[in-house]
Structure formats: structure tokens, C-alpha cells
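Single-structure report; data block below.
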Ligand code: AP5
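Residue numbers (our numbering): 5 to 218.
Next up, the structure:
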């Protein structure tokens, strides 16, 4: 099964992707996580991407497409892939479609996780992450067992630079302008499943699994 999780920043794509990938045995590919790894390793791509990411703008399509295609091969060892944060523009979506067609495969479902802007601001401004394993927490909605440290490895939790309120506003604007049109694009192809992203994390996971089994 090949899935896309679509949704605004902070909709819970990364949180849900971990559960859904595990439930269906899928390779989880997060464009944001891959970019952050490139940035940490100070690669050429990571340094180019940093400027866009810090402003809340999208990294150029050609860089993103080349980066994502490099990782697709790993899905052969799994039951398919789950894309989180990609595609984010119509150019990325059409680029993905033609790469999949050339590889003789296709998408099965595109799940749009719906959350209003006001809730997103609350979620992102309280988000914490582990710089070592990438696990995400929220200081109120999904806190670690011990305040400020990762449950998995005890690392000190950090806030993402792009979770500052002014950058969040810019990311939301970018989402509405560039990414929201993908809802209609995938709707026309009969691939779209819409899920309410408000509620307990486990409840939202069950909704996504149900949408993918329907
Ligand atoms: P990326 O890392 O992909 O950021 P994003 O899409 O903006 O998504 P987020 O990671 O912020 O949110 P999420 O939906 O994963 O939510 P999460 O699960 O963490 O991209 C970062 C940047 O990289 C972009 O701005 C861009 O510059 C660049 N980039 C990436 N991909 C690109 C592409 N394809 N093209 C061009 N540029 C690209 O949850 C958020 C918080 O809410 C957490 O604290 C979590 O604990 C909490 N939470 C989750 N679910 C719930 C719930 N049900 N109830 C309450 N709280 C919840």
C-alpha cells in the first residue's frame, strides 16, 4: 500500500505516520525529517534548504523531488511507503505521479488530516522534539514521562526554530496557497480520504486506518 498523509503544518502528520507505518508495515518517509538530517550533517542540500525552512517557505521543487526519489527504493523491503510532508505543491505531485508510473506503481490513498488554524498554532507553539531520535511531544497534549527529556533516550528536548509564532503564520500561509490545492487534485483522481484530525492521538490513528481499509 502506498499512502500520502496530507495536511497543514502541525496537523499531526508526523505523529500519526509513526503509528500508521507500523500498523501497515510501510516505509515512513518524512521530507521534513530528511531535510533536518541533511541540515544537521551540513550537506550542500541541508545548507541550501536551511534558508527556506527558517523562513517558513518551501524548499524548491527540483531539490525536494530529487531528494525524495533517492529514498523510494527502500520501500521494496516493506509493504509500500507512507509519505509525510511530500508532495506539497502541484509540481511535486505531478513529478511524483510520473516517477511512480515509470516504476510501475501508484498511490492507493491520500489521507487529508483536517485541523483548523487556531488549533495548529496551539499545537506548534507547545511542540518539543528529541534531537537524537526525532520523536515529537507536546508540553500539554502529549508530554514526555519526565519533563523536558525524551522517553526513549533521556536526551534534552528542544523546540523547532520554525515553531516560533511568526514563522508558524508564514508556514500556514504557504500551506493555504501552495499545498491546499492538492486536496482537489487528489479528489479528482478518486484517491482522497478526509479525516478529522481533532481528538486523542489514538482516535485519529483509528480514523486513518479505517479510511485506508475502506
Ligand atoms: P515539515 O517538518 O514537514 O513540517 P510541517 O509539514 O510544517 O509539519 P510539522 O512537522 O510541523 O507538523 P506535523 O503535521 O508533522 O505535526 P506533528 O505530528 O509534529 O517541514 C518543515 C519545513 O521543511 C517546511 O516548512 C519547508 O521549509 C521544508 N519542507 C518539508 N517538506 C517539503 C516539501 N515537500 N517541499 C518543500 N519544502 C519542504 O504534531 C504537531 C504537535 O501537535 C506535536 O507537538 C504533537 O505532539 C501534537 N499533536 C499531534 N497530534 C495531536 C492531537 N491529535 N491532539 C493534540 N496534539 C497533537
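Ideal placement from N, C-alpha and C gives every residue a C-beta, glycine not left out.
Around the C-beta of residue 204, fewer than 16 other C-beta atoms lie within 10 Å, and the residue is accordingly described as exposed. Under a 10 Å Cβ-count criterion, residue 80 is classified as exposed, with fewer than 16 other Cβ atoms of the shown protein chains found around its own Cβ. By the Cβ criterion, the region 75-92 is not in contact with the region 47-61, since fewer than three pairs of Cβ atoms, one from each stretch, lie closer than 8 Å. Taking the Cβ atoms as the reference, residue 133 lies roughly 30 Å from residue 104, outside the contact range of under 8 Å.
Straight-line measurement puts the Cα of residue 21 at about 22 Å from the Cα of residue 153. In this chain, the alpha helix (DSSP H) harbouring residue 35 covers 35-44. Here residue 37 really is in contact with residue 138; their C-beta atoms are around 6 Å apart, less than 8 Å. Within the same chain, 114, 116, 187 and 190 come within 7 Å of residue 196 by CB-CB distance, once the 5 residues on both sides are set aside. Looking at the DSSP output, residue 146 sits in a beta bridge with 142. For residue 202, there is no enclosing beta strand (DSSP E), as DSSP gives it neither H nor E. Rounded to the nearest whole angstrom, the CA to CA distance from residue 177 to residue 77 is 33 Å. In this structure, residue 24 sits away from residue 184, with a CB-CB distance that is not shorter than 8 Å.
As far as DSSP is concerned, residue 90 takes part in no beta bridge. With contacts defined as CB atoms closer than 8 Å, residue 216 and residue 5 qualify as a contacting pair.
A distance below 8 Å separates the beta carbons of residue 13 and residue 179. If you draw a straight line from the Cα of residue 182 to the Cα of residue 158, it is about 38 Å long.
When DSSP reads this structure, residue 186 sits in no beta bridge, so it has no partner. Relative to residue 55, the option among 201, 211, 210 and 171 whose CA is nearest is 171. Taking 8 Å as the cut-off, the Cβ atoms of residue 17 and residue 9 count as close. Residue pairing of residue 8 in beta bridges, as defined by DSSP: 87 and 114. Looking at 33, 119, 98 and 51, the one whose alpha-carbon comes closest to that of residue 84 is 33. In this structure, DSSP gives residue 161 a state outside helix and strand, which the three-state scheme calls coil.
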